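Count along the sequence shown from 1, then add 709; that gives the number in the working numbering. Heads up, the beta-carbon is just placed ideally off N, CA and C, and yes, glycines get one too. Since this is a predicted model, take the numbers as computed values, not measurements.
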Amino acid sequence: MGRLVLSDIDNVDVGKRNFFVRPPEPPEEVLMSDPTNSIYIGKTKIFHVPFYWTFQKTTNPHICVVGITGSGKSYFVKTFLTRASFVWGTNAFIIDWAGEYKDWVKQTGGKVISLGKGAAINLLDTAGMKPNDRIKQVMRTLDLLTDVSRYPEQRRLTELAIEKAYVNAKFKLDSKMQVDGLGRPLRPPTLRDVQKILEDMSEAGTYEFPAELENAIYRIRQFTREGEDFFAQQSTIDLEKLTKIGLVDLDLSGLPDETFRGLAALSMLQFIKEKMREEGWSPTKGLKLMVVLDEAWKIAKEENSDAVMIVREGRKYQFGLIVASQNPTDISEAIFSNVGTTFILRVKFERYLDYLQSTLNFSDYLRGEIAKMGVGQAAVNMAFQTQVNYPETFLLEKIDGEEPMQEFFLDLDRVLTREEMAMEGAQKTVSFEKDELKKKLRTYGMGEEQADEIALLFSKKGRRIEIASFVVLLSRYGIARNNISSFLKEIGLEDSVVVSVLANADELEIKLGNDDITEHILKDTEKAE
710 MGRLVLSDID NVDVGKRNFF VRPPEPPEEV LMSDPTNSIY IGKTKIFHVP
760 FYWTFQKTTN PHICVVGITG SGKSYFVKTF LTRASFVWGT NAFIIDWAGE
810 YKDWVKQTGG KVISLGKGAA INLLDTAGMK PNDRIKQVMR TLDLLTDVSR
860 YPEQRRLTEL AIEKAYVNAK FKLDSKMQVD GLGRPLRPPT LRDVQKILED
910 MSEAGTYEFP AELENAIYRI RQFTREGEDF FAQQSTIDLE KLTKIGLVDL
960 DLSGLPDETF RGLAALSMLQ FIKEKMREEG WSPTKGLKLM VVLDEAWKIA
1010 KEENSDAVMI VREGRKYQFG LIVASQNPTD ISEAIFSNVG TTFILRVKFE
1060 RYLDYLQSTL NFSDYLRGEI AKMGVGQAAV NMAFQTQVNY PETFLLEKID
1110 GEEPMQEFFL DLDRVLTREE MAMEGAQKTV SFEKDELKKK LRTYGMGEEQ
1160 ADEIALLFSK KGRRIEIASF VVLLSRYGIA RNNISSFLKE IGLEDSVVVS
1210 VLANADELEI KLGNDDITEH ILKDTEKAE
């Protein structure tokens, strides 16, 4: 084998070959930290250096996690929270949009609060705040989640009625004076009290704009109707203790729509933020609390959301926010530009990659690596406290979790043409993480038992099912065609492959007739392990 002699190469050739360029990884002393005061994530891809995350090296403890459906986002979050609890005794509060985490929280001995299924939060609960501060928060929340800001008079009426409800609550106290040292009512008013004040104004008939008044009443009534009055009752949750009792999952999947979920999520962020402010900084190691927002695009996208405010406030209250989403454009740019760490799992869509690259300023090399990542592989971007002369974005081999990642596979062999199969680098299988599959199916309206049945079927087939059979299976479980198509795109399939998959599924459906698709899958042993 011949030797490369540098003296035989001119300077231009040496420059082109790039012998002495530093690989895109920070040095070991940056990646490795004291294991008793940091969280192990995984090994780097190039030099296999163990990476221990600590917010002490970044601008703040807040984290973004992005990646397509099934890439391992929830697996990372569970691993991170488990280790933060072990290392620092960190409490965790998960605002769980689709009920994805509740089974895991139960298994780990945590507390699950299911709104819409018995639990209630009084929207006007002060949680230790002054009523005037809470009124401003409530109005800002309604501005974000409804169109009330477009109707100034209705907004003014609503705010005035809330103010009067607090005043009335204070005067109705009994002789024991149920107020705290600052004169705040311990039993706050509810939205029903606000509705009654507006209705009394309407009955009096003295208001100059009766139509505006009636519309204001209608808006409040959306949240006070029987069966949908989750925020119009006294709180069944002790808001003062939620940040100190270990692992808590606020399950929002039982609420009727995105507005109700957003209302619950924003209220909890506001309560938690005020609680942290009240406690202030203390000389303790690590983080007191991590708050998780998963796929909460409704409240993570708006610039004046409390999620953005929390990120901007930084590290001074010793709690962190984890924002996770499959679509990075659903997360406010203000969050991306202010979080201390971003974990990028598999991302396939060019527009998402464009957004991430322009926001985080990583190289084309890293962009290419991100586009072809497998489940659990990640790139990490860290905003260091001081200016550095090494890369801020680097690659991990894989997130090393607390338990083996349960990865499922869909085989594409039968939907690809011979030419496509023969192409160099042709994608012949697609993989995704088990828990994220179940989460996605639940967002499409599938029940938990049905999602578990599908996961069990994967396990029986060696975690591998032929993709057209899988599409027929989803269809027979009642998943709409447009949702199936969206799912196939979200796990990274090109449009042309999606069309081929659906066509093959249609042919299989005709062939099967009334036969059981589950039996067909179990008998199909061609690709089983």
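Simplified DSSP state of G1064, which is helix, strand or coil: Here residue 1064 is Tyr; the residue named in the question, Gly, does not match the sequence. DSSP places Y1064 in helix when its eight states are reduced to three.
Close Cβ partners of I664 (< 6 angstroms) along its chain, the five nearest in sequence each way excluded: Since the first residue of the chain shown is 710 and the last is 1238, residue 664 is not available in this structure.
Exposure of E1216, with buried meaning 16 or more beta-carbon neighbours within 10 Å: exposed
Among M1091, F1117, L1119, K1081, nearest to N1070 - alpha-carbon criterion: M1091
Boundaries of the alpha helix (DSSP H) in which Y1074 is found, first to last residue: 1073 to 1080
Cross-strand partners of W762 (DSSP beta bridge): I748
Selected residue, minimal CA-CA separation from E809, among L790, R843, E1157: E1157
Residues of its chain near F918, where Cβ-Cβ distance is below 7 angstroms and the 5 sequence neighbours each way are ignored: E862
Reference G1171, options R1185, E1116, V1206, closest by Cα: E1116
Any 3 or more C-beta pairs closer than 8 angstroms across the stretch 795 to 807 and the stretch 904 to 918: no
Distance between K1169 and T1227 (C-alpha atoms, nearest Å): 11 angstroms
The ligand MN heavy atom lying under 7 angstroms from the CB of L1165: The ligand MN is not part of the structure shown, which contains no ligands of any sort.
Span separating the alpha-carbon of I1040 from that of K782: 15 angstroms
Delimiting residues of the beta strand (DSSP E) encompassing L1002: 998 to 1003
Pair within 8 angstroms by beta-carbon distance, L1062 and Q1086: no
Contact check, I1230 vs L1182, beta carbons under 8 angstroms: yes
Selected residue, minimal CA-CA separation from A1080, among S780, L922, F756: S780
Proximity of L900 and A925 at Cβ, strictly below 8 angstroms: no
Residue nearest to L1197 in terms of C-alpha spacing, selected from F764, F1118, P897, D1161: F1118
A1009, enclosing alpha helix (DSSP H) - first and last residue: 1006 to 1009
Where L1105 falls: helix, strand or coil (DSSP): strand
Cβ-Cβ distance between V774 and F764 below 8 angstroms: no
N841, buried or exposed, once every other Cβ within 10 Å from all chains shown has been counted against 16: exposed
Assumed close pair P733, F1103 - CB separation to whole angstroms, cut-off 8 angstroms: 6 angstroms
CA-to-CA distance, Q1096 to V903, given in whole angstroms: 52 angstroms
Cβ contact check for the stretch 803 to 818 and the stretch 941 to 951: 3 or more pairs under 8 angstroms: no
Distance CB(T1051)-CB(F1045) smaller than 8 angstroms: yes
Segment contact, 8 angstroms Cβ cut-off, at least three pairs: the stretch 952 to 965 with the stretch 809 to 822: yes
Proximity below 8 angstroms, CB of D1225 to CB of E1175: no
First and last residue of the uninterrupted alpha helix (DSSP H) at V1020: 1015 to 1022
Identified DSSP bridge partners for E1116: E1142
Residue closest to L1202, alpha-carbon to alpha-carbon, out of V1089, P897, L1150, L1125: L1125
Beta-bridge partners of R1173, as assigned by DSSP: F1118
K811 versus V1210: straight-line alpha-carbon distance, rounded: 33 angstroms
Nonlocal neighbours in the same chain, by C-beta distance under 6 angstroms from L851, ignoring five residues either side: V857
Among S1072, F932, P770, nearest to M999 - alpha-carbon criterion: P770
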